[in-house]
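For my numbering, count along the sequence shown from 1 and bump the result up by 12. Worksheet: one structure, shown below.
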Amino acid sequence: MKKVITYGTFDLLHNGHINILKRAKDLGDHLTVAISTDEFNAIKNKKAYHSYENRKFILEAIRYVDKVIPENTWEQKIQDVIDNEIDIFVMGDDWEGKFDFLKEYCEVVYLPRTVGISTTKIKKDLLKVKNG
């Protein structure tokens, strides 16, 4: 069985999220998704609309996702790869090169982002609607 892992906040779920989850799952048989906890997002100066528990619940309902784990620190990735017997680490290509240190432990794949959509864009668009 080929196991794949990806990481993210996965807030305000959109087609870009679904695309990366589907493409990540297509690379193997089992997809683990590590989602940033609320505490870790605070360290990164990010604020998610949905709580960690809600984001976890939503991701667990997606057919491409087999397992959801918390992301608590930047440094946990090597241990996650080892503990979950991961074969392929997947991230969006906006992170290209940032996780090459994992190549010692698994294959690293950077997938193209879905053009025209992001959680940041959705938040900006919602502010425009609100402020009218």
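Using N, Cα and C, we set each Cβ at its ideal position, and we do this for glycine too. None of these values were measured; they are calculated from a predicted model.
Rounded to the nearest whole angstrom, the C-alpha separation of residue 38 and residue 136 is 31 Å. Contact annotation, residue 92 with residue 81: C-beta distance approximately 7 Å; criterion of less than 8 Å satisfied.
Put simply, of 26, 56, 115, 59 the residue whose alpha carbon is nearest the alpha carbon of residue 130 is 26. 8 Å or more divides the Cβ of residue 20 from the Cβ of residue 55. The continuous alpha helix (DSSP H) containing residue 28 extends over residues 27-38.
Where residue 73 is concerned, there is no enclosing alpha helix (DSSP H), because DSSP gives it neither an H nor an E. Taking all protein chains in view, the Cβ of residue 73 is surrounded by fewer than 16 other Cβ atoms within 10 Å, so the residue is classified as exposed. Counting other Cβ atoms within 10 Å of its Cβ, residue 49 reaches 16 or more and is therefore classed as buried.
Separation of residue 88 and residue 103 (C-alpha to C-alpha, rounded to the nearest whole angstrom) is 15 Å. For residue 51, the enclosing alpha helix (DSSP H) begins and ends at 50-55. Here DSSP, grouped into helix, strand and coil, assigns residue 127 to coil.
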